[in-house]
Amino acid sequence: MPELTKVVTLLDRWKRRLEENGSGCGLGSCSGPKSRWARIWRRRSGAFLQGVFYCQRQCMETALTAQLARLHAVAPPVRPSNRIPLGLLMVARGWLTYEQVVTALAAQQTARSGQIGEWFERLGFATEQQVTSALGLQWGCPVTFSLDTASIAAFGRIPLGILEAFQMLPLQFVAATNTIYIAFGQRVDHAALYAIEKLLDCRTQPCVAGRKIVADELIRMRQQPRPHELEFGPMHDFA
Ligand SMILES: [Zn+2]
């Protein structure tokens with residue numbers, strides 16, 4: 303008899319825990335099963351989005367589409383201009399003349415593409431190494447001129463599409479401090495670093511690497527199979 307009491311108590315505790323956790327679906331218009339047992343069973347196949355549980359694929363898709371539409375409607379933030387312009391910094395260092403900066407800016411404006419550092423290189427005014435060093439000074443972070451491709455390949459926790467969008471590479475993970483060192487090829491994006499910290503529950507440290515080195519490594523990575531990544535097609539127009 304004590305055994306039966308024990309089983310009943312355990313079942314009761316389990317039921318209460320499920321109720322406390324809320325075994326329902328996060329979608330108001332959910333068309334999934336309504337009975338508790340069916341929902342508990344379905345819970346095994348559902349998924350979480352931002353800490354909210356969705357009982358089936360359709361519910362997850364509806365919630366995800368609504369979330370993406372919300373983000374799509376938000377105007378992209380204006381990039382802060384609190385950094386010393388790269389050209390000015392390079393003139394101050396004696397790496398460029400004022401005339402070269404003006405020429406490069408005009409070329410960039412005419413082409414309406416490319417970063418200014420890229421134009422300094424393209425016009426033969428500065429080397430990639432000089433531009434990378436200047437970027438390090440501009441963003442106040444260390445500079446690296448070489449990459450350990452083996453350690454980048456080993457760290458597959460950030461989807462490639464995101465790395466490509468921000469032209470960044472995870473250089474190293476230091477378990478002792480739970481920190482990922484991330485190299486940027488163009489501009490250090492603190493919003494991207496913050497998102498990585500939240501998603502992977504870790505700290506990040508930015509550094510600057512050569513634009514070409516980062517771009518070439520990302521192209522190489524794109525050619526490698528990434529069986530654990532699921533990529534969606536181009537963004538739908540939610541308008
Ligand atoms: Zn549902």
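Residue numbering for the sequence shown follows our numbering, starting at 303 and increasing by one per position.
Backbone N, C-alpha and C define an ideal beta-carbon position, used for all residues, glycine too.
Note that the structure is predicted; figures quoted are calculated from it, not measured.
Nearest-angstrom Cα separation, counted from residue j out to residue i
| i | j | result |
| --- | --- | --- |
| C327 | T367 | 16 Å |
| Q411 | D518 | 25 Å |
| E430 | I454 | 22 Å |
| L496 | Q402 | Residue identity differs from the one stated: residue 496 is Tyr in this sequence, not Leu. Near 36 Å, if we compare the C-alpha coordinates of Q402 and Y496. |
| G348 | F457 | 27 Å |
| G463 | A478 | 28 Å |
| I482 | P335 | 42 Å |
| P387 | R359 | 48 Å |
| L357 | F350 | First, the amino acid is wrong: residue 357 is Cys here, not Leu. Approximately 9 Å between the Cα atoms of the pair. |
| N480 | Q507 | 11 Å |
| A394 | T434 | 15 Å |
| E423 | R372 | 39 Å |
| A494 | V404 | 31 Å |
| Q432 | E533 | 36 Å |
| Q417 | A428 | 14 Å |
| A452 | A467 | 22 Å |
| H492 | S448 | 22 Å |
Within 8 Å, strictly: CB atoms of residue i and residue j
| i | j | result |
| --- | --- | --- |
| W256 | A409 | Any answer about residue 256 is impossible in this case: the structure gives the chain only from 303 up to 541. |
| L391 | G419 | no |
| L407 | G426 | no |
| R505 | G487 | no |
| V476 | C443 | no |
Chain B within 8 Å of residue i, Cβ atoms only
| i | result |
| --- | --- |
| R505 | The structure shown contains no chain B, having only a single protein chain. |
Own chain residues within Cβ distance below 8 Å of residue i, not counting five before or after
| i | result |
| --- | --- |
| V246 | The structure shown does not extend to residue 246, since the chain is modelled only from 303 through 541, so no value can be given for it. |
| L465 | L471, P472, L520, M523 |
| T446 | L473, A485, C509, V510, A511 |
| R385 | Q440, W441 |
| Q352 | Q369 |
| S331 | T364 |
| Y400 | V393 |
| G324 | Any reading at G324 must be qualified, since the residue scores a pLDDT of 47, below 50, and its modelled position is unreliable; the value itself is stated next. Same-chain partners within the cutoff: F355. |
| D450 | L473, Q474 |
Own chain residues within Cβ distance below 7 Å of residue i, not counting five before or after
| i | result |
| --- | --- |
| I460 | P472, I498 |
| R414 | none |
Own chain residues within Cβ distance below 6 Å of residue i, not counting five before or after
| i | result |
| --- | --- |
| V516 | Q469, L471, G487 |
| C361 | C327, L329, C332 |
Exercise. Counting only runs that start and end within the stretch 420-493, where is the alpha helix (DSSP H) found for 4 or more residues in a row?
Worked result: 430-441, 451-456, 462-468
For this session: Decide yes or no for the touch test of the stretch 521-529 against the stretch 491-510: beta carbon pairs closer than 8 Å, at least 3 of them.
Result: no
For this session: With a floor of 4 residues, list each alpha helix (DSSP H) that falls wholly inside the stretch 344-404, ordered by position along the chain.
Result: 359-375, 388-394
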